[in-house]
Each structure stands twice: as structure tokens, then as C-alpha cells.
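The structure appears right after this line, and notes come after that.
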Amino acid sequence: MPHVLIVEDEALLRKNLARGIAKMEGVTVADAGSVDEALLSIASARPDLVLSDIDMPERSGIELLGELGKRGFNVPVIFVSAYLKAYRAQIPQHANIDIVEKPVALADLRALIADKLAQAEDASPFAVPDYLQLAGMGRRSVRIEVAWADGTEGEVVVSRGAAWHARVGDMEGIDAFAVVAWRPDAKIRVRTLEGEPGHRSLSGSVEALLMDTARVLDEYNRDLAGGKTNHSPDYGDIGALLPSEIPVEEDEDAPPSSRRRADNQRHVDDGVRALLAKDYPAAVRAFRLAVAIDPMDPIAKTNLERLRQMGHDQPTGDKHD
Numbered sequence: 243m244p245h246v247l248i249v250e251d252e253a254l255l256r257k258n259l260a261r262g263i264a265k266m267e268g269v270t271v272a273d274a275g276s277v278d279e280a281l282l283s284i285a286s287a288r289p290d291l292v293l294s295d296i297d298m299p300e301r302s303g304i305e306l307l308g309e310l311g312k313r314g315f316n317v318p319v320i321f322v323s324a325y326l327k328a329y330r331a332q333i334p335q336h337a338n339i340d341i342v343e344k345p346v347a348l349a350d351l352r353a354l355i356a357d358k359l360a361q362a363e364d365a366s367p368f369a370v371p372d373y374l375q376l377a378g379m380g381r382r383s384v385r386i387e388v389a390w391a392d393g394t395e396g397e398v399v400v401s402r403g404a405a406w407h408a409r410v411g412d413m414e415g416i417d418a419f420a421v422v423a424w425r426p427d428a429k430i431r432v433r434t435l436e437g438e439p440g441h442r443s444l445s446g447s448v449e450a451l452l453m454d455t456a457r458v459l460d461e462y463n464r465d466l467a468g469g470k471t472n473h474s475p476d477y478g479d480i481g482a483l484l485p486s487e488i489p490v491e492e493d494e495d496a497p498p499s500s501r502r503r504a505d506n507q508r509h510v511d512d513g514v515r516a517l518l519a520k521d522y523p524a525a526v527r528a529f530r531l532a533v534a535i536d537p538m539d540p541i542a543k544t545n546l547e548r549l550r551q552m553g554h555d556q557p558t559g560d561k562h563d
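Everything in the sequence shown is counted per the numbering used here, starting at 243 for the first residue and increasing by one.
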């Protein structure tokens, strides 16, 4: 569920904004009276969009851009201010940044928020298996949330790179994992996992689960094409067709053999983290650094190629205005 953070020093206006935006369907709201309060809120819950005043005591709302960047949060920011002429030159031009002049009608603000959240949801160039592989390879802890047009929602939790839990409606475990991983046309949101991963319904590595569920679905599709069956894959039956035990990856937390290898792994981890946050320029930089150390690193090479196909990886010598 998208989480909106409102930052406004005028208490009455802040409460009215929070109340009005909280009425939007499927949105949660937090509010803060200053940049410092906003940072405390961000520490407890990553926002999907920030709505902020600019001219506030102690710290300007513009400082939130740097604070979000430091935390690797590439989220839409909407600035609302009565002093646009004074501040416009200080605000970078970016597709994720909008500037609205006060006074603004609540209906217009809600429409803009809905539009920015929809853009963020639809902008994912990766499919669920891509995000699962990234989390597994990078040993990340994430929650991958999906939703389909018919209202079905689901999630897969990966804890330190290990498959942990999958759910779709009342369905849990490997069947739910197959639905989340392979059912097409899902809207995808990836969140960093905060705290303990909770109930466990999966065992085995992410890669093994992806391979085995893909194999079963491929057999279904071959049978369908060959006339051996006349119904589409029933995801709820997948668990019964999988091996009784899926191999678990060995822990590879052993220290690296050299400083060079450690630096390479750090850059790869930074790249994976940036990809999961949809900060593609940062991902390109990190993977380039990893390839500079180890030109054959498979994770860095594969993802640089994917980013290049998406138009994000330009030659190092390119200059930008």
C-alpha cells in the first residue's frame, strides 16, 4: 500500500492535508512538522511519495532531496510553496520532482499524487523473477508486493537472500510463490524488509524455486500446446508437482580472500540495492565500478547490459547538461 509523507510546519494545514489525502483509496499517510521530524518518520517507514513545504524553520524542505538521496530512496517529491519565485532556481529539474504554488485545491493535489504513484508503479522495467534473482544474488532482505487488475494481491519475502514467505490471498508457500513469480501483468513494488521476516512458508534458494516452478509451468504449457490437457495452468497444484526437497544454498559468508574482491562485492551490493530502489543511475555507477575491478563479474555484467537496453547505461565519456 503506497505510503505518503507530508512535511508542513503549519499544524492546522498539515492536519487538513493529512486528513484529505488519507481519504484516497489504498494510501497510508504520515505527517511531520519539520525536516528533522520527517527524517524520523522516514527511518521508521519508507515513503513512496513526499509532499513538502519549502519555507520552514530550521531546515528548508529542499534539503529532503539530499536526505532521500543519501538513503537511496528514489521517490516522487511534490513541493508546495507560496514562494516559488524565490526557490525555483534551487530545485533541480527532474521527472520525480513537481512544484505546485500555494494555494492549491485539495482535489488537484490528490489527482497529482495519484498520478505520480501510478507512474511509480507502472515504471518497473523488471519482472518479479528479476527482482527475486537480484535479492537472492545480492543477499538482500526485501518484500516484493504485486497486484493484478482483478484485485488479487500477493507478496514474496526474501530474507538475506533466502526465500522466506509467499502469499496470494489465503494461499501460502510454493503455490503462492509460483503465482507471484510467473503470473503476468502484475504491478510490482519492492520494499526493503524492516525488522524480522516473520512467518516462514518457503524453504530452498530463490534460484531453485524459480527454476522448479518454471519447469512445472513449462510442462503445463507443452501439454496444453500438444492437446494433452485443455485447461490453463492451475497454480494451486504446483506444490504437489515439485520435488519434496528443494536444495538450500550453502551460506557463503566467509571473508573475501583479498581487499580487491571485497571492493568488488561492495560495488555489486550497492548496484543491487540501487536497482531494488529503482535508482538506475546509481546502479549503473556501482556496476561499472564492479566491472572495473572484475570485468567478468556475472551480476555486474548482466545488469549493466539490462540497464543499457533500458537506455540508462551511457558511455562513461558522455557529458550531460
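Where a beta carbon is used, it is the ideal one built from N, C-alpha and C, also for glycine.
The Cβ-Cβ distance between A420 and L444 does not fall below 8 Å. A direct Cα-to-Cα measurement between P289 and G308 gives close to 15 Å. In the assembly as shown, H336 is an exposed residue. Its beta-carbon has fewer than 16 other beta-carbons within 10 Å. Where A280 is concerned, the enclosing alpha helix (DSSP H) starts and stops at 277-286.
With 16 or more neighbouring CB atoms inside 10 Å of its own CB, E250 falls in the buried class.
When V277, E279, A260, D278 are compared, the shortest CA-CA separation from V271 is found for A260. When the five nearest sequence neighbours on each side are left out, the beta carbons in the same chain lying within less than 8 Å of the beta carbon of E300 are those of S276, V277, D278, in order along the chain. Apart from the 5 residues on each side of it in sequence, A274 sits with its Cβ closer than 6 Å to the Cβ of V249, A280, S283 in its chain, given in chain order.
Around the beta carbon of R550, fewer than 16 other beta carbons lie within 10 angstroms, which makes this residue exposed. Residue burial annotation: L348 is exposed, with fewer than 16 other C-beta atoms found within 10 angstroms of its C-beta. Counting every other CB atom within 10 Å of its CB across the protein chains shown gives N506 a total of 16 or more, marking it as buried.
Under the three-state reduction of DSSP output, K358 falls in the helix class. Using a 10 angstroms sphere on the CB of G396, the tally of other CB atoms reaches 16 or more, which defines it as buried. Cβ contact annotation for A418 (same chain, cutoff 7 Å, sequence separation greater than five): G396, A408, R409, V410, in chain order. Between the beta-carbon of V370 and that of V388 there is about 6 Å, and that keeps the pair under the 8 Å contact cut. Measuring C-alpha to C-alpha distances from E267 to each of E461, M243, N316 identifies M243 as the nearest. Under the DSSP assignment, E300 falls outside any beta strand (DSSP E); it carries neither an H nor an E label. A Cβ-Cβ contact shorter than 8 Å links I320 with L293. L247 is not a Cβ neighbour of Y373, given a cutoff of 8 Å. Beta-bridge partners assigned by DSSP to M413: V410.
Looking from the CA of F368, the closest CA among A528, F529, Y522, R503 belongs to Y522. In this structure, R330 and I339 do not form a Cβ contact; the two beta carbons are roughly 11 Å apart against a cut-off of 8 Å. Taken through DSSP and simplified to helix, strand or coil, K265 comes out as coil. Listed in chain order, the non-local C-beta contacts of R508 below 8 Å within the same chain number zero, local neighbours out to five positions each way being set aside.
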